[in-house]
Ligand code: FES
Ligand code: FES
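Chains as they are written, first to last, in the numbering used here: chain A, 1 to 729; chain B, 1001 to 1168.
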C-alpha cells in the first residue's frame, strides 16, 4: 500500500520529462481560483458553525509582573458575556515552526508587552470586544526588563561559529578590503488574514478550524498545550490567507478558542485583532551584522567574515540564522563567522519569510557592492569571479547551481550594460541608479505523505494534510498526479488542509512543493505499477494520456482497465543521504532601477528584474507569482518595513497596517521574472527545489545598491527611508 | 437596531447591536464571508464593498447607517461558473496567491473602472480633461488602498487592464 522512498542517491530517471500529459511546468491557472475570486473559498474564521460565540483576547500592558485581572467580576456581568478565562494553558507566545510541542505556557506572568493573557467570551462579537476592552489588567511586582538588543545580555551561538584559515591576516594583506556594519530592523510577516481559530468540541473530540501552515506539527503542539491525545484533535485549514512564517506554529488564539469552547460548551471563534497580530505573533529579529571582505588585486576574495547579533525572548532557542548562505555563496580561503543571541523582552522572534537569508544575504550583498565600488569593478563581474568551485567550508560538491547563468542572463535581460556611473544620471528632479544583488537560499527536503486514489471512473483524488498558503499547492499537486496518471488537470481533485489525511511536510522553509510533490509522485508511481501489472507490461512501456493507457500498440481506457476497481496508494518520502552528500541551494540575481528625488531623498523603484534557478519549475505561473511576492518583500525591506519598539518597555509602537509599511500597489513596478531551466537530481525525484523564498533573499540589496549608484549615499541602516538618504546627499 | 437595506439585489431586514459594522453584519449575520477582515481599521481594503455604486471600507461604517442603501459584495459580482470579466482576468493572470485580499481587490477594481469612465482624475493623471488612460501607473495609484501581502500587484494591474480592454 505504501510506497516509501528515502532520498539516498541522486534521482536521475527524470520521469517527469517524459510524461505524455505535459502538465508539470505549464503555467496553468490555480484550480481554486474561481472560489477565491468569488469569495467562496472558506478561510478559518468563515465557517458557519452552529451556536458559535466570540472570544476576544486581552493583552498584558507591560513586560513583567504577575497578572491580575482587577475587575473580572464586573466584566463577567456585562451584557452577553459568558466567561473571562485566564487558564494556565494559554500560550506565552506561538510555537516555532516544526516545534511539534507546546511553547512556554502560562498567562500568570507577563514576559512582553502585548502578551495575550486572557480571553473574554460573549454571545456577540461586539459584546466580547467591549468586554475585553473593559477588562483592567494590572501587573504586580514588575521589574525593569531589558528590551534593547544592543545592551542586553548575549549568548554566543557556538554551533554557528566558523573559523577557517586566518581572516585577520587576509584582511591585512588584501589589495582591497571592506569592514562594514549594517543593521536591519525587526520585520512582521503581516499576512492579510489575521490569525483566527474556531474551536468546537464533540464530547472529548476537538475540531479546530484554523489558519495554519504545518498541520501535523500544529496538531501535536495544540494537543500538547491542551493536555489531550493528538487522536482527539482534528485541524482543518483548507485555505490560509497568507502565512509567511507567522502561522508555522500553533498560536495563542487556537489554544484560547479550544479552552473557551470547552468552558462555555459552545463553539468559540477567536480572531486576533490586527494590533495583536503585530504584538503577539512572531517578528523577524532585528540584526546587527558585521561583514568583512578581503580581495586580491583582481577582485578574488581571499577572506570573508560575517558576524551577527540577533535577539529573542528568554526561553526561546530560535536565533535568526543570518549566516546561512554566507557559508557557501562565495569563495575565499580564510573565513570567520559568528553569531550571538541577545535576550530581550520583546515579542517572540521566529520565522518570517526566508529566515536568515532575507536579511543575511541582503547585508552581505550590500558589502559586496561596496567592495566592487572600491575596486572599480562591475558588481556582476565581482560575483562571477567569486563563485566557488566546491562548498568553500566543507569541500562538498554543489548539486545543480545555475548561479553564473542567472547573473549573466539577468544582466542581459535587464540591460545592465547601460548602468550609469555613480551620481551620473539625472532626469529632471530624479537621480537614476542601477543596482544588483545575488540571490541564494538553502534547499531542504522534508518527510511527507500523500494518498492518491484512482477511481473506477478514471479520475484521481490527491489527499494530504499539506496546506496551500497561496503557494500553489492545489495547482502543482494536481499537475504532478495528472502527468503521472495521464489525466487532464480537471480530472484530478486535490484535497488539502485536514489532519485526518496523510501527514505532509507543511508549508515552510520553501520545502512544501518538492516534499509533498514527491509524495504524490511516489503514490502515482505505485499506481502505475499496479496498472502495468494488470496489463502484464513493463511499467516503463506504459504511456498514460487523457485517461487512456497505450502499450504494445494497444490502447485501453483507464476505466476499462480498472473494471470497477479503484487503486489507492500512499506515497511517503523521507530525506536521506543526499541532504548531506552535497550542498543544495537555489540561486539567482536581482537587478533594480531606482529614481531618488534630489530634493526629498524619496526612492521609487522604477524597474526590477529577477532571474532564478530552482530546479524543475512545477508551474511557471504560480512559481513566478512566488518570486513577485518575494521581490516585493525585498522592496519593503529596502525602503519601508520596520517594526518600531518603544525603548522604555519594548512594545511595538507601529502595530497596524497604517504604520507598519508593507509595499502598496503604487510602490511596486511591473516586476519581471525569468526562471531558468534546471533539474536537480540530488534534491528529489521531481528534480525541483524550493522557490517560495528565493525571491526575497538579497532583493533589498539590489535596491539600496541602486540608491548608492544614483546618489552616492550608502545606507547601512535598513530601511533606506528618505531621511537617511537625504542626510547623505 | 432595525436596518433595511438591499444586498446583492436582495432586501434584508436586520435587527442588530448598533455597534455592528457593515462588514460584521455581512460576515457574522448574513453568511456573506466573501468580504474579508484584514484589519478592522480601514487600513487594508480587504473589506471593500460597493455602497450605492461607490467603493468603501465596510469595516469603517456601521450597518445601521445604511438604511435604504444598496450594497454590492463580491458574491454579487459573480459566482464560480459565472465569473465577471474582472474575476476571470484575476484567475487567468494569477492576480492573487492566498486569495484573502482578492474579493476586496475585485470590488475595488470594479468601482475604480467606473470612476475612470466617469472621468474622475487621480493623483497621477496627466490630463484632467477627459478619461484617464489605463496605464500601469494609473491603475497602481488607484488600487493602492487595497493591500496584498502576497504581492500580486503586477498581476492585479495586468488583470485589470485585460478586463477593461474586453469591456471597452
Ligand atoms: S478590514 Fe476594512 S480596511 Fe482592513
Ligand atoms: S493574495 Fe494574499 S494578500 Fe493578496
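By construction, the Cβ of each residue, glycine as well, lies at the ideal position given by its N, Cα and C atoms.
Please read these numbers as outputs of a predicted model, since none were measured by experiment.
> residue 1157 of chain B and residue 670 of chain A look like a contact to me (Cβ under 8 Å); what is the Cβ gap, rounded to whole Å?
Replying inline: For this step, residue 1157 of chain B is matched to residue 157 along the second chain. For this step, residue 670 of chain A is matched to residue 670 along the first chain. Sure, about 7 Å apart at Cβ, within 8 Å.
> If you count every other CB in all the chains shown that lies within 10 Å of the CB of residue 1133 of chain B, and 16 or more means buried, which is it?
Replying inline: Here residue 1133 of chain B refers to the residue found at position 133 of the second chain. With fewer than 16 other CB atoms across the displayed protein chains lying within 10 angstroms of its CB, residue 1133 of chain B is exposed.
> Do residue 343 of chain A and residue 314 of chain A have their CB atoms nearer than 7 Å?
Replying inline: Counting from 1 along the first chain, the entry for residue 343 of chain A is found at position 343. Counting from 1 along the first chain, the entry for residue 314 of chain A is found at position 314. For residue 343 of chain A and residue 314 of chain A, yes; Cβs fall inside 7 Å.
> Mind checking residue 1020 of chain B: buried by the 16 CB within 10 Å criterion, or exposed?
Replying inline: Along the second chain, read from residue 1 onward, the residue named residue 1020 of chain B stands at position 20. With 16 or more other Cβ atoms within 10 Å, it is buried.
>> Need the endpoints of the beta strand (DSSP E) that residue 765 of chain A sits in, please.
In response: Coverage of chain A is limited to positions 1 through 729, which leaves residue 765 of chain A absent and any answer about it impossible.
> Near residue 42 of chain A, what residues of its chain come up, given a Cβ to Cβ distance below 8 Å and the 5 sequence neighbours on each side ignored?
Replying inline: Within the first chain, the letter at position 42 stands for residue 42 of chain A. When the five nearest sequence neighbours on each side are left out, the beta carbons in the same chain lying within less than 8 Å of the beta carbon of residue 42 of chain A are those of 238, 239, in order along the chain.
> Short check: CB of residue 578 of chain A to CB of residue 7 of chain A, under 7 Å?
Replying inline: Here residue 578 of chain A refers to the residue found at position 578 when the first chain is read from its first residue. Here residue 7 of chain A refers to the residue found at position 7 when the first chain is read from its first residue. Taking 7 Å as the cut-off, the beta carbon of residue 578 of chain A is found closer than this to the beta carbon of residue 7 of chain A.
> Could you give the residue range of the alpha helix (DSSP H) that holds residue 126 of chain A?
Replying inline: Counting from one through the first chain, the residue named residue 126 of chain A turns up at place 126. Secondary structure note for residue 126 of chain A: its alpha helix (DSSP H) is the uninterrupted segment 125-134.
>> Measuring only the C-alpha atoms, how far is residue 1167 of chain B from residue 1041 of chain B?
In response: Position 167 of the second chain, counting from 1, holds the residue named residue 1167 of chain B. Position 41 of the second chain, counting from 1, holds the residue named residue 1041 of chain B. Note on residue 1167 of chain B: pLDDT 49, under 50, position unreliable in the model; the coordinate value appears next. In this model, residue 1167 of chain B and residue 1041 of chain B are separated by some 33 Å (Cα to Cα).
> Among the residues of its own chain, which have a CB less than 6 Å from the CB of residue 511 of chain A, if the five just before and after it don't count?
Replying inline: Residue mapping note: residue 511 of chain A aligns to position 511 of the first chain, counting from 1. Hits under 6 Å: 444, 446, 505, 690.
> Are any of the Cβ atoms in chain A nearer than 7 Å to that of residue 1150 of chain B?
Replying inline: Translated into positions along the second chain, residue 1150 of chain B becomes position 150. Cβ-Cβ to chain A under 7 Å: yes for residue 1150 of chain B.
> In three-state DSSP terms, what is residue 1046 of chain B?
Replying inline: One-based indexing of the second chain puts residue 1046 of chain B at position 46. Residue state, collapsed to three classes: coil.
> For chain B, is any of its Cβ atoms less than 7 Å away from the one on residue 171 of chain A?
Replying inline: Counting from 1 along the first chain, the entry for residue 171 of chain A is found at position 171. No, its Cβ sits nowhere closer than 7 Å to a Cβ of chain B.
> Are the region 169-186 of chain A and the region 363-370 of chain A in contact at 8 Å, needing three or more beta carbon pairs?
Replying inline: Contact between the region 169-186 of chain A and the region 363-370 of chain A is present: three or more C-beta pairs spanning the two stretches fall below 8 Å.
> Is the Cβ-Cβ distance between residue 1073 of chain B and residue 1035 of chain B less than 7 Å?
Replying inline: Taking the second chain and counting its residues from 1, one reaches residue 1073 of chain B at position 73. Taking the second chain and counting its residues from 1, one reaches residue 1035 of chain B at position 35. Residue 1035 of chain B is positioned such that its CB atom lies closer than 7 Å to that of residue 1073 of chain B.
>> Need the endpoints of the alpha helix (DSSP H) that residue 1141 of chain B sits in, please.
In response: Taking the second chain and counting its residues from 1, the one referred to as residue 1141 of chain B is at position 141. Here the alpha helix (DSSP H) through residue 1141 of chain B covers 1136-1142.
> Can you tell me whether residue 229 of chain A is buried or exposed, with buried defined as 16 or more other CB within 10 angstroms of its CB?
Replying inline: Start at 1 with the first residue of the first chain, and residue 229 of chain A comes out as number 229. Looking at its Cβ environment, which holds fewer than 16 other Cβ atoms inside 10 Å, residue 229 of chain A is exposed.
> Do residue 596 of chain A and residue 448 of chain A come within 7 Å of each other at the CB atom, strictly closer than that value?
Replying inline: Sequence index remark: in the first chain, residue 448 of chain A carries index 448 (1-based). Sequence index remark: in the first chain, residue 596 of chain A carries index 596 (1-based). The Cβ atoms of residue 448 of chain A and residue 596 of chain A do not sit closer than 7 Å to each other.
> If you drop the 5 nearest sequence neighbours on each side, which residues of the same chain put their C-beta closer than 6 Å to that of residue 146 of chain A?
Replying inline: In the first chain, counting from the first residue as 1, residue 146 of chain A sits at position 146. Only 152, 344 meet the Cβ criterion.
>> Can you tell me whether residue 119 of chain A is helix, strand or coil according to DSSP?
In response: Position 119 of the first chain, counted from the first residue, corresponds to residue 119 of chain A. It is a strand residue.
>> Assess contact between the region 210-225 of chain A and the region 332-340 of chain A, defined as three or more Cβ pairs (one per stretch) separated by less than 8 Å. Is contact present?
In response: Segments in contact, no.
>> So residue 698 of chain A and residue 361 of chain A are supposed to be a Cβ contact under 8 Å. How far apart are they, rounded?
In response: Within the first chain, the letter at position 698 stands for residue 698 of chain A. Within the first chain, the letter at position 361 stands for residue 361 of chain A. Beta-carbon to beta-carbon, residue 698 of chain A and residue 361 of chain A are separated by about 4 Å, close enough to satisfy the 8 Å threshold.
> Listing by chain order, which chain A residues have their CB less than 8 Å from the CB of residue 1157 of chain B?
Replying inline: Counting from one through the second chain, the residue named residue 1157 of chain B turns up at place 157. In chain order, 665, 670 make up the part of chain A whose C-beta sits under 8 Å from the C-beta of residue 1157 of chain B.
>> Short of 7 Å in beta carbon distance, which residues of its chain neighbour residue 19 of chain A, apart from the five on each side in sequence? Order them along the chain.
In response: Indexing the first chain from 1 puts residue 19 of chain A at position 19. So the qualifying residues of the chain are 483, 484.
> How would you label residue 1057 of chain B, buried or exposed, when you count the other beta carbons within 10 angstroms and need 16 or more for buried?
Replying inline: Here residue 1057 of chain B corresponds to residue number 57 of the second chain, with the count starting at 1. Residue burial is scored here from C-beta neighbours: residue 1057 of chain B has at least 16 other C-beta atoms within 10 angstroms and is therefore classed as buried.
> Is any heavy atom in ligand 1 found nearer than 6 Å to the beta carbon of residue 1040 of chain B?
Replying inline: By 1-based counting over the second chain, the position of residue 1040 of chain B is 40. In this structure, the C-beta of residue 1040 of chain B approaches ligand 1 to less than 6 Å from one of its heavy atoms.
> Does DSSP put residue 99 of chain A in a helix, a strand or coil?
Replying inline: Counting from 1 along the first chain, the entry for residue 99 of chain A is found at position 99. In this structure, DSSP gives residue 99 of chain A a state outside helix and strand, which the three-state scheme calls coil.
> Opposite residue 678 of chain A in the DSSP bridges: which residues?
Replying inline: The residue labelled residue 678 of chain A in the question sits at position 678 within the first chain. Looking at the DSSP assignment, residue 678 of chain A forms no beta bridge with any residue, so it has no partner.
>> Between residue 465 of chain A and chain B, is the shortest Cβ-Cβ distance under 7 Å, so that the two count as touching?
In response: One-based indexing of the first chain puts residue 465 of chain A at position 465. Not closer than 7 Å to any Cβ of chain B, the Cβ of residue 465 of chain A fails to qualify, so no.
> Which residue's Cα is closest to the Cα of residue 40 of chain A: B:1032, B:1150, B:1047?
Replying inline: On the first chain, position 40 is the one that residue 40 of chain A refers to. Distances from the alpha-carbon of residue 40 of chain A to those of B:1032, B:1150, B:1047 put B:1032 closest.
>> Tell me which residue opens and which closes the beta strand (DSSP E) that residue 631 of chain A is part of.
In response: Taking the first chain and counting its residues from 1, one reaches residue 631 of chain A at position 631. Per DSSP, residue 631 of chain A belongs to no beta strand (DSSP E); it is in the alpha helix (DSSP H), 620-639.
>> Strictly below 7 Å CB to CB, what residues from chain A border residue 1028 of chain B?
In response: Here residue 1028 of chain B refers to the residue found at position 28 of the second chain. By Cβ distance, chain A contributes 125.
> For residue 177 of chain A, which beta-bridge partners are listed by DSSP?
Replying inline: Translated into the one-based positions of the first chain, residue 177 of chain A becomes position 177. In DSSP, residue 177 of chain A forms a bridge with A:294.
>> Residues of the region 1001-1029 of chain B in Cβ contact with chain A at a cutoff of 8 Å, in chain order, please.
In response: Taking 8 Å as the Cβ-Cβ cut-off against chain A, the residues of the region 1001-1029 of chain B that qualify are 1017, 1019, 1020, 1024, 1027, 1028.
> Near residue 1139 of chain B, what residues of its chain come up, given a Cβ to Cβ distance below 6 Å and the 5 sequence neighbours on each side ignored?
Replying inline: As a first step, residue 1139 of chain B is located in the second chain; it is residue number 139 there, counting from the start. For residue 1139 of chain B, where only same-chain residues beyond five positions count, the Cβ hits under 6 Å are 1157, 1160.
> Which parts of the region 223-284 of chain A are runs of the beta strand (DSSP E), unbroken and 3 residues or longer, counting only runs that do not cross its ends?
Replying inline: Runs of the beta strand (DSSP E) lying entirely within the region 223-284 of chain A and spanning at least 3 residues, in chain order: 233-236, 268-271.
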